[in-house]
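Numbering of the sequence shown is given in the working numbering, commencing with residue 2 and proceeding in unit increments. First the structure, in the form of structure tokens, and then the observations on it.
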Amino acid sequence: MARRERGALVARVRPGRAVAVRSAPGGAVVARLSSRTEFGSPRTFAVTRELPGRKYAVITTALPNGRTGWLDAGPGALNLTRTRVTLDVDLSARLLRVRSSGRVVRRIRVGTGAAASPTPVGRFAITDKLRGADYSAAYGCCILALSGHQTNLPRGWTGGDRLAIHGGSTAGAVSSGCLHASTADLVFLMRSVPLGALVVIHP
Numbered sequence: 002m003a004r005r006e007r008g009a010l011v012a013r014v015r016p017g018r019a020v021a022v023r024s025a026p027g028g029a030v031v032a033r034l035s036s037r038t039e040f041g042s043p044r045t046f047a048v049t050r051e052l053p054g055r056k057y058a059v060i061t062t063a064l065p066n067g068r069t070g071w072l073d074a075g076p077g078a079l080n081l082t083r084t085r086v087t088l089d090v091d092l093s094a095r096l097l098r099v100r101s102s103g104r105v106v107r108r109i110r111v112g113t114g115a116a117a118s119p120t121p122v123g124r125f126a127i128t129d130k131l132r133g134a135d136y137s138a139a140y141g142c143c144i145l146a147l148s149g150h151q152t153n154l155p156r157g158w159t160g161g162d163r164l165a166i167h168g169g170s171t172a173g174a175v176s177s178g179c180l181h182a183s184t185a186d187l188v189f190l191m192r193s194v195p196l197g198a199l200v201v202i203h204p
């Protein structure tokens, strides 16, 4: 009998606790993080590797794109769960695929970064799910913030460097690096994709 897919590991910092992020197991501390993100969401990580002794490699906003950190967490500091949901973004096709246990459950047309501010590629994670109206009508109904950073910000841009999936035109390569989706698709993502879900963006 084939082994049942357990899903990807997700680590959430328990309320009132904090964790250190190290450059390697036992390496230098590169960040100390509380149980809440800067947007007020529960601090949640996509775990990419696990070693004995509660050592977890994670995708985190505290490091540049493409680098993982290692959590240094005391006993009871983390709540560990699993998710079968992942997002796969094909920039050339401008298509976001939502997968559950590897099966595509929804295909979403997206707007992508313009030539001067392309959407970065790599592995990221969902860090926050926010109401667009709390920030700007330009974001549409919903914002799914990603762990990644935009490294080619347009001149004069004041909106920060965090990548996200939010409302906007899906007509082509039109954004400052974020991914745009329709309201119906954003509502689906907000309901279906948990914090800590892995997002893979490729050319």
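Backbone N, C-alpha and C define an ideal beta-carbon position, used for all residues, glycine too. In this text, all values refer to a predicted model and were calculated from it rather than measured experimentally.
Pick from the options: whose alpha carbon is nearest that of residue i?
i	options	result
A126	A21, R18, A58, R7	A58
T7	L64, T87, R18	Reading off the sequence, residue 7 comes out as Arg, not Thr. It is T87.
L81	K56, L96, S93, L180	K56
A117	A174, L92, T84, A9	A174
A172	I109, L196, L131	I109
L97	A198, A182, G157	A182
F40	G54, R192, R50, T62	T62
So what's residue i in DSSP terms, helix, strand or just coil?
i	result
A25	coil
T184	helix
D91	strand
A58	strand
L190	helix
A3	Reliability fails at A3, whose pLDDT of 40 lies under 50, so the model's placement of it is uncertain and the value that follows must be treated cautiously. Three-state DSSP puts A3 in coil, outside helix and strand.
D135	helix
Cβ atoms of residue j and residue i: under 8 Å apart, would you say?
i	j	result
V30	R37	no
V90	F46	no
A21	R13	no
V194	L145	yes
V188	C142	yes
L147	A165	yes
R83	A9	yes
Less than 7 Å separating the Cβ of residue i from some heavy atom of the ligand GDP?
i	result
S148	The ligand GDP is absent from the structure shown, which contains no ligand whatsoever.
Evaluate residue i with the Cβ neighbour count: other Cβ atoms within 10 Å of its Cβ, from every protein chain shown; 16 or more gives buried, anything less gives exposed.
i	result
L52	exposed
S35	exposed
G27	exposed
T113	buried
V106	exposed
P65	exposed
S137	exposed
A74	buried
Could you name the residues that DSSP lists as bridge partners for residue i?
i	result
V20	L34
V105	R100
G112	H181
V201	D89, R124
P43	R37
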